[in-house]
Ligand SMILES: CC(C)(COP(=O)(O)OP(=O)(O)OC[C@H]1O[C@@H](n2cnc3c(N)ncnc32)[C@H](O)[C@@H]1OP(=O)(O)O)[C@@H](O)C(=O)NCCC(=O)NCCS
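Residue numbers (my numbering): -5 to 411.
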């Protein structure tokens, strides 16, 4: 998305996002004289010409934008400022919000670099009255006092047709990036387990809303709870997510009991070593059935991945790889630069295949009747990795779900004592 961000627009966004993220309508007092409406083809051309003067990157041609808006008028909103509240005709619009209402194929094309945003093919876009798989913020140009008009456009996206549909965008300028940060967009978009760092994501598809198939594909590997709406065709793929409650923790203990206590005959006190409340746990499942787990503990500048276990009947099907990948990506999202593990000597090739290397000059060692070696993998922190300054309400979101408002943000709607 190309955004021209005048100072007042970003301060509006920052002020608003610190209390209400994009999806919570608010700031309407600032909108009293603003009108948001579907413009004529001529108004679209004039709005695009003005945007082109202010935005230093090539934009789609007027005819292309007119074509997209004609096929789906919800894709283009004009913002105008009335002189008087009671003016019947709004004056010439000076601001715009343009969106691409994408099909599932369009989302895939966008995130895999196959969609030319300057000339989006018709087949990647849904028509009016059709629910998009995701909405791509194509262009915002709303200077100064027009910026609050974005709230009014968001109201349009609260209609049942669009409620719960995720919004994706790409900031093409530094100011645009700051604007999206302030509005609560998270950096990077997960798509089929790969992080597309150049995009941003405003997740609205949680809590059962949105297309479950698309939202499952838009999940981080450590936050993959699958396609919950599938009823008739149970999911066969493995998914992994961070443990958030005692029931999930019981599943982890059950898997480790089967693998370590029973299969490897590890004494109870060695397997349950007193460190289970000092880190995070990942649980892998296929459908509702738990099948694997891993534990992460945090040290100054590295994460230790341990207690990796996959039920015997689920082995050699990629579950172990999924868990280690999830652990690595989770560590990158937290900003870590190193992951460390003790690899059982006999399964060292498993770790090497996952990008780990054996720690040089380190002797092997043994515990619980098996021989181990130290392995390590250098990491690049993820785009938008957590850091001081990420925002107080972001840092208190549930672990691994930093890309969407958490329960404590919703509690912030209640007045503080
Ligand atoms: C080790 C373990 C977690 C692997 O889980 P898994 O789900 O079977 O592994 P995956 O199917 O994801 O395998 C990923 C890759 O590693 C390879 N691999 C898996 N197990 C391996 C083994 N024992 N030795 C060598 N390579 C192995 C696979 O062939 C696969 O390679 P590919 O990507 O080229 O096909 C599982 O066997 C297990 O739980 N073992 C008992 C507990 C244990 O020993 N944990 C490890 C402590 S360090």
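Don't be surprised by glycine CBs; every beta carbon is placed ideally from N, CA and C.
Within the same chain, Cβ atoms closer than 7 Å to the Cβ of residue 388 are found at 396, the five residues on either side in sequence being excluded. Sequence-distant partners of residue 369 (beyond 5 residues in either direction) whose C-beta falls short of 6 Å from its own C-beta, in its chain, are 335, 337, 345, 350 and 352.
Spanning the alpha carbons of residue 40 and residue 391 requires a straight line of approximately 43 Å.
Linking residue 347 to residue 157 through their CA atoms gives a straight-line distance of about 42 Å. Residue 106 counts as exposed, since fewer than 16 other beta carbons sit within 10 angstroms of its beta carbon.
For residue 139, the three-state secondary structure derived from DSSP is helix. In the DSSP annotation of this structure, the continuous segment of the beta strand (DSSP E) that includes residue 304 starts and ends at 297 to 304. Excluding sequence positions up to five before and after residue 87, its CB lies within less than 7 Å of the CB of 33, 37, 41, 72, 73 and 74, all in the same chain and listed in chain order.
Distance from the C-beta of residue 105 to the nearest heavy atom of ligand 1 is not below 7 Å. By a beta-carbon distance limit of 8 Å, residue 96 contacts residue 126. Their separation comes to about 5 Å.
Straight across, the Cα-Cα distance linking residue 178 with residue 384 is about 10 Å. Listed in chain order, the beta strand (DSSP E) runs fully inside the stretch 150 to 218 are 161 to 163, 180 to 185 and 188 to 196, counting runs of at least 3 residues. When the five nearest sequence neighbours on each side are left out, the beta carbons in the same chain lying within less than 7 Å of the beta carbon of residue 265 are those of 250, 254 and 255, in order along the chain. Residue pairing by DSSP places residue 352 opposite 369 in a beta bridge.
Taking C-alpha positions only, residue 170 is separated from residue 378 by approximately 15 Å. With fewer than 16 other beta carbons inside 10 angstroms of its own, residue 360 counts as exposed. Non-local C-beta neighbours of residue 357 in its own chain, meaning closer than 8 Å and more than five positions away in sequence, are absent. Distances between the C-beta of residue 361 and the heavy atoms of ligand 1 are all 7 Å or more. Closest by C-alpha distance to residue 399, out of 142, 90 and 197, is 197. DSSP places residue 339 within a helical segment (H, G or I) once states are collapsed to three.
Burial of residue 165 is indicated by the presence of at least 16 other C-beta atoms within 10 angstroms of its C-beta.
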